[in-house]
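In what follows, a structure is listed as structure tokens, so that the remarks can point back to it.
Written out as structure tokens, the structure reads:
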């Protein structure tokens, strides 16, 4: 696993994530590994286009959930602020997906499955996206 050594691209933002059980995907006690996927769209993306993408994400997870037994949970949301796209001056409207996994191997296994291959079009390189980033991290819950 590669470690992040350049923190210059890390951005802070405000977002409300759904479903509200997002703590399952972000807490190292329930998800030792969290997949963080950020898809950037033009800042001009419409509410209708956002809803279409949200429907695609929901379809994707409903179709793979029964086949991904080591997927702990997921949560999605749109940051309130535009974010820099890949560290460039260009800004985009981002969509954040967090998926909790029991291990990186569990995530890699679902990527090789037929159910993923049959449904990846719903989440990989979404229509209208200008950039996508994916990282894995271990979150720690502070109380």
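Residue numbers (this note's numbering): 1305 to 1447.
By construction, the Cβ of each residue, glycine as well, lies at the ideal position given by its N, Cα and C atoms.
Computed from a prediction, not measured in an experiment: that's the story for all the values here.
- What residues match up with residue 1398 in a beta bridge as DSSP calls it? 1344
- Tell me, to the nearest whole angstrom, how far the beta carbon of residue 1338 is from that of residue 1435; I am working on the premise that it is less than 8 Å. Rounded, the Cβ-Cβ distance is 20 Å, inconsistent with contact.
- Item | For residue 1420 and residue 1368, believed in contact at Cβ under 8 Å, the rounded distance | 6 Å
- Item | Close Cβ partners of residue 1389 (< 8 Å) along its chain, the five nearest in sequence each way excluded | 1344, 1395, 1396, 1434, 1435
- Does DSSP put residue 1366 in a helix, a strand or coil? helix
- Between the Cα of residue 1427 and those of 1335, 1403, 1383, spot the shortest distance and give me the residue it belongs to. 1403
- Close-in-space but distant-in-sequence residues of the same chain around residue 1410 (CB under 6 Å, 5 per side omitted): 1374
- Which whole-angstrom value describes the C-beta separation of residue 1387 and residue 1372, a residue pair presumed to lie in contact below a C-beta threshold of 8 Å? Going by Cβ atoms, the distance from residue 1387 to residue 1372 rounds to 28 Å, so no, they are not a contact pair.
- Item | Whole alpha helix (DSSP H) elements within the region 1405 to 1444, 4-residue minimum | 1408 to 1415, 1418 to 1423
- Query: Thinking just about the alpha-carbon of each residue, which of 1319, 1329, 1315, 1320 is nearest to the one in residue 1377?
  - Reply: 1329
- Mind checking which residues open and close the beta strand (DSSP E) that includes residue 1380? 1375 to 1381
- How is the alpha helix (DSSP H) around residue 1384 delimited, first residue to last? First-last for residue 1384: undefined, no H or E at that position.
- Can you give the Cα-Cα distance for residue 1437 and residue 1400, rounded to whole angstroms? 10 Å
- Message: Given this structure, state the Cα-to-Cα distance separating residue 1363 from residue 1333, to the nearest angstrom.
- Response: 27 Å
- Less than 8 Å separating the beta-carbons of residue 1393 and residue 1317? no
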